[in-house]
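Residue numbers (the UniProt record's numbering), protein chains in the order written: chain B, 1 to 675; chain L, 1 to 675; chain V, 1 to 675.
Taking it in order: structure first as structure tokens, then the write-up.
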């Protein structure tokens, strides 16, 4: 199901809105509407933390105030994204029913307080949530001002209570069938940890079992599944009453405690909360890392997503809260749109007077006026979104894919191995991604459950754990003409962290890459080796050196130092109609740049920039059947000029553009005359 | 009530004395008296940790040994400061009555052990303390050798037990009257934390409520109030039996877990334990920071205080225990007297043979003789105190006041804001204070409950939280001709951490300073900006930049860098007959030096030195109706010369002095011929 | 009892072997034997973590599989070191009997999991262990393939449960007899901690008693005694059934949580697990520190020991796992033999497929073949061990002794003193040791319970705590002509951490050293002082400066800086027929080098090298009645040449050798023609 946008609404512009904090100030509620309109807002997220107002006593619902708010907004052309209130339990509830409060990994139950900390298993909590979700849906599900469900808020965290652990045992029984199978996969003969009854299984905790990695991995998987199940119950509750409204939930940035890929099938629309920490000076690297996560969000459903939260100025929970420099609000907001967002929204509309987020940036300050930097930046952005509304609905079509598998991440981090001080899986992915970003290559981010057909280039660094038949997908992809880049630390274990026997990369990948990875030398921070290429180029390597033997592959580069000097460090293997590259060591930025520049050219991978873009500038493509949109964002803090090929014009003004000049922090959106 | 000093006793010189550890060694007890006399001691603090000797079994008091000690001391001209023993519970008691042992913030009860860790609420402990305090007072309250009560020892710490939490709820009911009022002030609609019954309120803990800052602040306030109440019960118990004896309790250095300003009305005399960590080389900054805390102690009651503990050599609880270099014992001890102490006392007289403080510096070492560095330093200091006894009773009269409000400190630290990595409230106060210290300006330290009349200059940096009507006191002070220096981060919240609406500084201070503080840019450590003054001088700034708009004030300096270059950074506003300066950014040492040098000159603020003193040297004034005393202390480690204006003579020798020359670490006390 | 080696077996070569993980893979078990033989292995340690296989349900023993394994090994010339399985409890047991799971110092009981974490007091666990140990001994104690008992595995850790605490109280009653005695020794009058009943005593914990150092020390002692008692029960159980088999247990490196010297009388043979972390480049310092610990192991019983575990490549539990560079496996393994090991064994033979140690280096990788670096290194080493088999049984005879007293270490670390940021007792011992190591001086490591007769030189740095009459042994040793080197921080407390009165060094050592140590100046990291010698040489000192006065000694060096410049820093005292040196400050490497070079020459202490060896090269002597063996190991990573005096020939080839040339990392074993 798609978002059904009201007539005349294109890109969404809005904020979390908490009128429940100001019900005793009708003057302020009135002023809010005026300020929203002044800022060109067309939607707000309401009710996220309002449970205590919606159900002040057990079983007593008070929804009239909310109806008045939604109606007033609607009358003023502002649409409502309506939240289910499960993110924060009312105090009367957490005090009365202790089972809804989580237990930590010390098996100590939380006291009441904070938020996002309910037990996902508690039958009582699930029932209370089902009831209020249903009641809200009954009352508001058909209101013309309500356009989307915002399920809960930033699902997060883990509970170790007995109810959760019991559910975990059930999950394991379903997965493994027999204890024999579980014992085999978890290799419990190690240290005499053979389970002889299901009841002997406990979640991994610091003062219990930590060394059984299969247990750890399955506990992580169970946690995701349990949260997805909780969310599914919420979506069922609202869909039962309002089947025509789509649902989303807001994800978080760099959040890998859960596997977000497991949520995608239960959501109609993906949305997320993006909080880069912009500094003064060059913000290129910060931009790369958020570009990657915007791409994750878009890739989950391969369709436009929503930027559900961001801040107009600064957050208040970082060590240091630098204000956004002039132009940065435009650049950062447009980055989201450039990567596929159909909205720019904020946390929050008006600052709370008290409690922990009272100094978090918002559209309206405690001061109350619209003559502030924050407000002016928001207003200007709102105007820009109106001007470029036509991009709404266009999508990103990528010919390159990067494999980011969260279960693989968990496994790498859970295993004691060559560099316990840091394997840097995500950093490594980002290093590969950056090389493509610098050329404006649209990239999908996939995991091991995704399909690979349709791509020209697949990049799969550090694929330690293989699951879901991904090894076969990789073989098929290359056999049918695809180009694959793999690296050290690939194909070591099966989905339960059980090592492949017979040599790495296992599960048939030795054949695909044409190398045998015998062992790994780990380097201390600061230690270096190098790759010497056939043509004499030399790149630095660090952290890990896989010692490999050729089994059919051809050497493209060798180690420059140490006792394995001269041995292969970078190889390629012809396999079927395609090629599989194998990189044995973590390389420097220049290596990735040269490698992908060559591959993009050779494979004619779609990209927005002829060659490298100016430092700190990104170029993104969205497209419809008819046209392409080119989004340029400058994060460098310096004026930058981008040379364009083809005919482009500004979307906002219609002016033709030959050379795009961007100020310190800036953004420009262009459209092609035709595709 | 004042300390009633016996005939012939002027400045006190003595130590904590624990004969209860040596009752089986009469030879040592006898030797103690000889050594005390050799060191020119005239008083000791007795009984601090003697409860297990005083009440070896429940209800059985054994006081005879103590009487013998007190009598023997008295016969030898040594007076007793008698402690109530509540600082350390006997083991039989903590084992029998678990309620007297604290619970930590994890709700886990302490086991027996350590000290200063009783529950301040426990009715049983309060009763046991009341009984033994009363019994001690009955027995010794009229002994001519006893001159002062030493209530407990270094009150400290917090208890989270159910008894304390129940008392906290009662305290809240008294403060707020209704839950509606509490919910409003704590802004509990945020995250649905509305309380619907008093029983739902718990103390803030890591696995419970942390984000409700009003709760956090009130819990801190309650803790102080509960300890003061405990102390008040102790003072009542001893005063009931010995109404003519004054009471003190010994405070700690840099201790802001409680608000010491709340203790002052229940004490006759303020005393404290001062443990600078002197190093080799220049100790100027360490001296500044202890100068400030001596001034806090004197300012609490605006009368001379007592230095109750210090060490002749080094403590044993620091990462590294450097010995006091030659001369430092004199300089450090005289610093206390210079700032208003009528005593120099030590922890402790004789080192314990075992347990955790056996290597803590003391007058008498395990060695036992008087031919040690420690003993000779103490003896020399004792001689000096005898020679300058006439300064006793003279006081410091300040024309400048520095606002140090502990509740404001708590609020700044509790709130998540622009620099969670360090707002540096105390460091900022010390930076302002240092500029005055370098000119020998006597300074009172006041909090928001103090009066401001009588001062020429009031310095109130980072006055984030306003309470007790202090905003009105500030307005009155300036209106009537005073000069006020305020800074960024002022006037953001009311006493319950609820933000002022309508613009900062709130509560009427916008009018007073003539500026509107729109927002704050926080800088990372190492990042800099600057203030450019009208006359071209330039000062570095760091950490925080308030972006302000003039609302009547005049600009004295502007920002030198960044996107707010040229905007006001330092302003002054004429208000009534006075002036209010507003400093928008944290400035460097030169700025404060120049600012206060100018203001001291312009306002003719009393000060001891014409211009700046040599680096690391301080000059302090004490005065009586008739004369002034000038105390010079050199902490630089280098010889230093101080030029004097007026006629001065040494108090110890009577010699006239024109140029004071001080060796590496040194102290010199002068008197004016007349005032 | 000695190890009874089968005919034709000299040095042992083998590994931990866990066939219980592969019982469903007879092909792999078969291949294991082939690979062992290829690697010249003659013994394996079996059954260490096999309890769950040996007793799959309570009371049901299944030993047949083990018999088959032992028999098969034996048939192939491979002997078994048979483990008792107490190191890891089966899950069914820890789930059923919670008392066998430890409690942490927070009094929280562990959940099932991990290993080496049973309660040493639990009567149930002791009984279960006794039963299975007895059953194993009955079944296998007389098997010709079984040559040694491997009691449990790496005993470690502490339990705070009520059973342990009760046992602790009994232990104290036995030690002190009366509470009066205990109160006196622990100096409990400090802070009113006088015990009035035994039940009031609890183990030291973070939220209880920490400051009573006597309690802390006795708890550490009790812990060791309780573990020794547990081990003794295990040895009794196996000896009852198989009295002719010797017992060992495998110690750990740098493990001072227990006092290993207390274990020696209950073991027939000492063995240990040695895991140096070799890096690239010069590994000299790592070699020194493991040389020292090899010497500890040999010194415990003054007879050859066994290297029970080591890794052929790298461990997997360090921050970074660098592979052993070429040659290092030989050098590191031969270092063990050089210092007295009669074996080289590994953890483990074949890598586990899963769980926490699956990436720990092993002889056989998951790959399974013998064409790997790891395997080839092991095979080559096995060949070398065969070639030099004749050294087996030869011993090290030392004329120098270094005092390393674990109780002294505990006391230094437990006491709050001059440098809580680091007293560096072990580092200091190693600094002294290194000077001897560089000359190839054989060194015994002794503690305060050992005898000193027979040595020429005794080195006793930082002998803070005196016990077991060691002060008398030191006096006797010097009086009878020995040379003693002592330092600052010596003779401060008695065995219960109670300070000596009357001056340091106490207990008569003032007389021996001829100095009075008045006080100690502690230096911050980075601060320096120096010793200026009579002849003008100057050495740097750091960390601690004892200020001493001569009481008969003669000054050899004085302080070069600070207020104690010119005061004695290094002295010598003639005492009886010997000499006692006293070093007042922690000195630099050059000082120790010159000091011990002089003393070795003067006293004609046995040593392997004429002068200093090349950097990073060690030379060790083992001897029999007839000959000397000279072991040279190069850890420098650079080629090195050692000049030899006397006639030597290679043990492996019989070639005569005049100049020994060693490659980057290398080892060479020579024998003298005759002694």
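All C-beta atoms, glycine included, are put in the ideal place defined by N, C-alpha and C.
This structure is a prediction, so every number in the text was calculated from the model and none was measured.
State yes or no: is the beta carbon of residue 165 of chain L nearer than 7 Å to at least one beta carbon in chain B? As a first step, residue 165 of chain L is located in the second chain; it is residue number 165 there, counting from the start. Not closer than 7 Å to any Cβ of chain B, the Cβ of residue 165 of chain L fails to qualify, so no.
Expressed to the nearest angstrom, what Euclidean distance is found between the alpha-carbon atoms of residue 433 of chain B and residue 320 of chain V? As a working note, residue 433 of chain B is residue 433 in the first chain. As a working note, residue 320 of chain V is residue 320 in the third chain. One C-alpha to the other measures close to 26 Å.
Does the beta carbon of residue 224 of chain B sit closer than 7 Å to a beta carbon anywhere in chain V? Translated into the one-based positions of the first chain, residue 224 of chain B becomes position 224. Output row for residue 224 of chain B: interface = no.
For residue 110 of chain V, which three-state DSSP category applies? Looking up residue 110 of chain V in the third chain gives position 110. Note: residue 110 of chain V maps to coil in three-state DSSP.
Can a CB atom of chain L be found closer than 7 Å to the CB of residue 518 of chain V? For the purposes of this step, residue 518 of chain V is identified with residue 518 of the third chain, where counting begins at 1. For residue 518 of chain V, the answer is yes, since a Cβ of chain L falls inside 7 Å of its Cβ.
Residues of the segment 93 to 105 of chain L whose Cβ lies closer than 9 Å to any Cβ of chain B, in chain order: none
According to the neighbour-count rule (16 or more other Cβ atoms, all chains shown, within 10 Å of its Cβ), is residue 549 of chain L buried or exposed? Mapped onto the second chain, residue 549 of chain L falls at position 549. Answer is exposed; the Cβ neighbour count stays below 16.
In this structure, how does DSSP classify residue 220 of chain B when only helix, strand and coil are distinguished? The residue labelled residue 220 of chain B in the question sits at position 220 within the first chain. Three-state result, residue 220 of chain B: helix.
By DSSP, does residue 22 of chain V sit in helix, in strand, or in coil? Counted from its first residue, the third chain places residue 22 of chain V at position 22. Three-state DSSP puts residue 22 of chain V in coil, outside helix and strand.
What did DSSP end up calling residue 531 of chain B once you bin it into helix, strand or coil? One-based indexing of the first chain puts residue 531 of chain B at position 531. Three-state DSSP puts residue 531 of chain B in a strand.
Taking 7 Å as the threshold (C-beta atoms), are residue 149 of chain V and residue 247 of chain V in contact? Counting from 1 along the third chain, the entry for residue 247 of chain V is found at position 247. Counting from 1 along the third chain, the entry for residue 149 of chain V is found at position 149. Cβ atoms of residue 247 of chain V and residue 149 of chain V: closer than 7 Å.
Contained beta strand (DSSP E) runs [length at least 3] in the segment 145 to 187 of chain V, N- to C-terminal order: 146 to 150
Counting contacts by CB-CB distance shorter than 7 Å, is residue 535 of chain V in contact with chain B? The residue you call residue 535 of chain V lines up with position 535 of the third chain. Not one chain B Cβ lies under 7 Å of residue 535 of chain V.
Which value, in whole angstroms, describes the spacing of the CA atoms of residue 585 of chain V and residue 545 of chain V? Indexing the third chain from 1 puts residue 585 of chain V at position 585. Indexing the third chain from 1 puts residue 545 of chain V at position 545. C-alpha separation (whole angstroms): 5 Å.
CB of residue 573 of chain B within 7 Å of CB of residue 553 of chain B, strictly: On the first chain, position 573 is the one that residue 573 of chain B refers to. On the first chain, position 553 is the one that residue 553 of chain B refers to. Against a cut-off of 7 Å, the Cβ pair of residue 553 of chain B and residue 573 of chain B comes out as a contact.
When we look at the beta-carbon of residue 529 of chain B and count the other beta-carbons within 10 Å, is it buried (16 or more) or exposed? What you label residue 529 of chain B is simply residue 529 of the first chain in a count that begins at 1. Per the 10 Å Cβ criterion, buried.
I want to verify the contact list: residues of chain L whose CB lies under 8 Å from the CB of residue 114 of chain B, in sequence order. Counted from its first residue, the first chain places residue 114 of chain B at position 114. Within 8 Å Cβ-Cβ: 191, 208, 209, 210 and 211.
Assuming residue 420 of chain B and residue 217 of chain B form a contact by the criterion Cβ under 8 Å, report the distance between their Cβ atoms to the nearest whole angstrom. Along the first chain, read from residue 1 onward, the residue named residue 420 of chain B stands at position 420. Along the first chain, read from residue 1 onward, the residue named residue 217 of chain B stands at position 217. Rounded, the Cβ-Cβ distance is 17 Å, inconsistent with contact.
So, does the CB of residue 35 of chain V fall closer than 7 Å to a CB anywhere in chain B? As a first step, residue 35 of chain V is located in the third chain; it is residue number 35 there, counting from the start. Not a single C-beta of chain B is nearer than 7 Å to the C-beta of residue 35 of chain V.
By DSSP, does residue 444 of chain V sit in helix, in strand, or in coil? By 1-based counting over the third chain, the position of residue 444 of chain V is 444. Of the three classes helix, strand and coil, the one that applies to residue 444 of chain V here is strand, per DSSP.
Hey, residue 290 of chain V and residue 304 of chain V: beta-carbon distance below 7 Å or not? The sequence position of residue 290 of chain V within the third chain is 290, counting from 1. The sequence position of residue 304 of chain V within the third chain is 304, counting from 1. Not a contact, by the Cβ cut-off of 7 Å.
Contact set for residue 465 of chain B: own chain, Cβ-Cβ below 6 Å, skip 5 residues either direction: The residue given as residue 465 of chain B occupies position 465 in the first chain. Once the five neighbours on either side are set aside, the close Cβ partners of residue 465 of chain B are 408, 411 and 493.
Would you list, in sequence order, the uninterrupted alpha helix (DSSP H) runs of no fewer than 4 residues that lie entirely inside the segment 312 to 389 of chain V? 328 to 338 and 373 to 387
Drop a sphere of 10 angstroms on the beta-carbon of residue 392 of chain B, count the other beta-carbons inside from all chains shown, and report buried for 16 or more, exposed for fewer. Here residue 392 of chain B corresponds to residue number 392 of the first chain, with the count starting at 1. Residue 392 of chain B is buried by the Cβ-count criterion.
Just curious, the alpha helix (DSSP H) that residue 600 of chain V is in, first and last residue? To locate residue 600 of chain V, count along the third chain from 1; it is residue 600. 589 to 603 is the extent of the alpha helix (DSSP H) around residue 600 of chain V.
Label residue 128 of chain L either buried or exposed according to how many other C-beta atoms from any shown protein chain fall within 10 Å of its C-beta, with 16 as the threshold for buried. As a working mapping, residue 128 of chain L is identified with position 128 in the second chain. Buried, since its Cβ has 16 or more Cβ neighbours within 10 Å.
Validate contact between the segment 525 to 541 of chain V and the segment 502 to 511 of chain V using beta carbons, cut 8 Å, 3 pairs: no
List the residues of chain V that residue 325 of chain L touches, going by C-beta distances under 7 Å, in chain order. As a first step, residue 325 of chain L must be located in the second chain, where it is residue number 325. Result: 563.
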